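Undergrad: My questions all concern the structure below.
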Ligand SMILES: [Zn+2]
């Protein structure tokens, strides 16, 4: 049995918001090529992401919104769903498979096929709120996966850790009234999406980072905020919104995290998952816009999920 799955679908490359858009198919290509070239993907269980079922998406999103996304789906050309987010002829299917990847990972981990999964999918999800597209996102992939784990398997507590440079406003919106879902989010502040700077909810743990925040800031937040919150919450499954745009080379964020930090934080999460939740981790790609830094960082993340040495 391979320890880690790589879940993906070719249609995720066909969602294309135009040559100038930073959330481009080249991102997935960079990651998947790297996992192939290093021989990592050959040691993973490779799965085609299935389509999400509508009732799964409805665990997080409003029915009218889900219908709207389907209705505006163009048969050719691009339409603007919001100022940052465009929809082409393949976007609807790619979005359903991006959600489906996370749900499938939950099902297959619960069935004992593997312990950890990396879902190399796009569009990303963590900005999508229950009734709105936002920041390149249509459906909140990680939120649906977490809600599915609770609804389908009766898990009492799960946790989502989001280390993307942008705050997971959509994930917070989805779960702020559901204390069974711990949400830990680090993010550059002040910065897009400029919402939820503070939380009154003990299960929403926000760790804003100053501009040009360093590896040291990440380590401090882990030790002082995230790790205690995880140990206190005792999740039965761990979810990671894996965005790599806090990397020092990323053109969108202004942070100074290094490639090795993605190995380090993932290793910490693997240890906590081993201790608390039988090692179960579902990780889903969010941001990361410098192609080489993205491939480097995602490789380190996957190495840690696989319990291989960093390299
Ligand atoms: Zn981001």
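In this note's numbering, the protein residues as written are 33 to 343. We put the beta carbon where it would ideally sit given N, CA and C, even for glycine. None of the values given here were measured: they were computed from a predicted structure.
Are the CB atoms of residue 130 and residue 162 nearer to each other than 8 Å?
TA: Their beta carbons are not under 8 Å apart, which means residue 130 does not touch residue 162 by this criterion.
Undergrad: Any contact of the segment 139 to 158 with the segment 198 to 217, i.e. 3+ C-beta pairs under 8 Å?
TA: The segment 139 to 158, when compared against the segment 198 to 217, does touch it at the 8 Å Cβ threshold.
Undergrad: Within this structure, are the beta carbons of residue 55 and residue 219 separated by less than 8 Å?
TA: No.
Undergrad: Assign residue 258 to one of three DSSP states: helix, strand, or coil.
TA: Helix.
Undergrad: Judging by CA-CA distance, which residue of 49, 136, 211 and 247 is the nearest neighbour of residue 116?
TA: The shortest Cα separation from residue 116 among 49, 136, 211 and 247 belongs to 49.
Undergrad: Which residues in the same chain as residue 40 place their Cβ atom closer than 8 Å to its Cβ, once the five residues preceding and following it in sequence are excluded?
TA: Contacts found: 60, 64, 78, 79, 80, 81, 133, 151, 152 and 153.
Undergrad: Got a sec, what are the start and stop residues for the alpha helix (DSSP H) residue 44 sits in?
TA: Per DSSP, residue 44 belongs to the alpha helix (DSSP H) from 43 to 46.
Undergrad: Are residue 297 and residue 250 close, meaning C-beta to C-beta below 8 Å?
TA: Cβ atoms of residue 297 and residue 250: closer than 8 Å.
Undergrad: Does residue 310 pass the burial test, meaning 16 or more other C-beta atoms within 10 Å, or should it be called exposed?
TA: By the neighbour-count rule (16 or more Cβ atoms within 10 Å), residue 310 is not buried but exposed.
Undergrad: For my contact list, residue 267 and residue 190 are in at a C-beta cut-off of 8 Å; report their separation, rounded to the angstrom.
TA: About 5 Å; that satisfies the 8 Å criterion.
Undergrad: From the DSSP output, in three-state form, read off residue 153 for me.
TA: In this structure, residue 153 counts as coil in the three-state DSSP scheme.
Undergrad: Rounded to whole angstroms, what's the CA-CA distance from residue 280 to residue 208? Just pull it up for me.
TA: Going from the Cα of residue 280 to the Cα of residue 208 covers about 31 Å.
Undergrad: Hey, residue 332 and residue 320 are a contact pair by Cβ (cut 8 Å); roughly how many whole angstroms apart?
TA: Their Cβ separation, rounded to whole angstroms, is 12 Å, which puts residue 332 and residue 320 out of contact at 8 Å.
Undergrad: Verify the contact flag: residue 228, CB atom, against every heavy atom of ligand 1, threshold strictly below 7 Å.
TA: Not so, every heavy atom of ligand 1 lies at least 7 Å from the Cβ.
Undergrad: In terms of residues, what are the limits of the beta strand (DSSP E) holding residue 207?
TA: Careful: residue 207 lies outside any beta strand (DSSP E), inside the alpha helix (DSSP H) at 201 to 207.
Undergrad: Look up residue 287 in the DSSP assignment and say whether it is helix, strand or coil.
TA: In the structure shown, residue 287 sits in coil (DSSP, three-state: anything other than H, G, I, E or B).
Undergrad: In the DSSP output, which residue or residues are listed as bridge partners for residue 119?
TA: The partner list for residue 119 (beta bridge, DSSP) reads 111.
Undergrad: What number of angstroms, rounded off, separates the C-alpha of residue 112 from the C-alpha of residue 89?
TA: So the two alpha carbons sit approximately 21 Å from each other.
Undergrad: Pull the bridge partners of residue 271 from the DSSP assignment, please.
TA: Residue 271 pairs with 192 and 314.
Undergrad: Within its chain, find whatever has a CB closer than 7 Å to the CB of residue 288; leave out the 5 residues flanking it on each side and keep chain order.
TA: For residue 288, where only same-chain residues beyond five positions count, the Cβ hits under 7 Å are 244, 245, 246 and 280.
Undergrad: Please report the Cβ distance between residue 148 and residue 35, rounded to the nearest whole angstrom; I am assuming they are in contact, meaning their Cβ atoms lie under 8 Å.
TA: Yes, they are in contact, since the Cβ atoms of residue 148 and residue 35 sit about 6 Å apart, within 8 Å.
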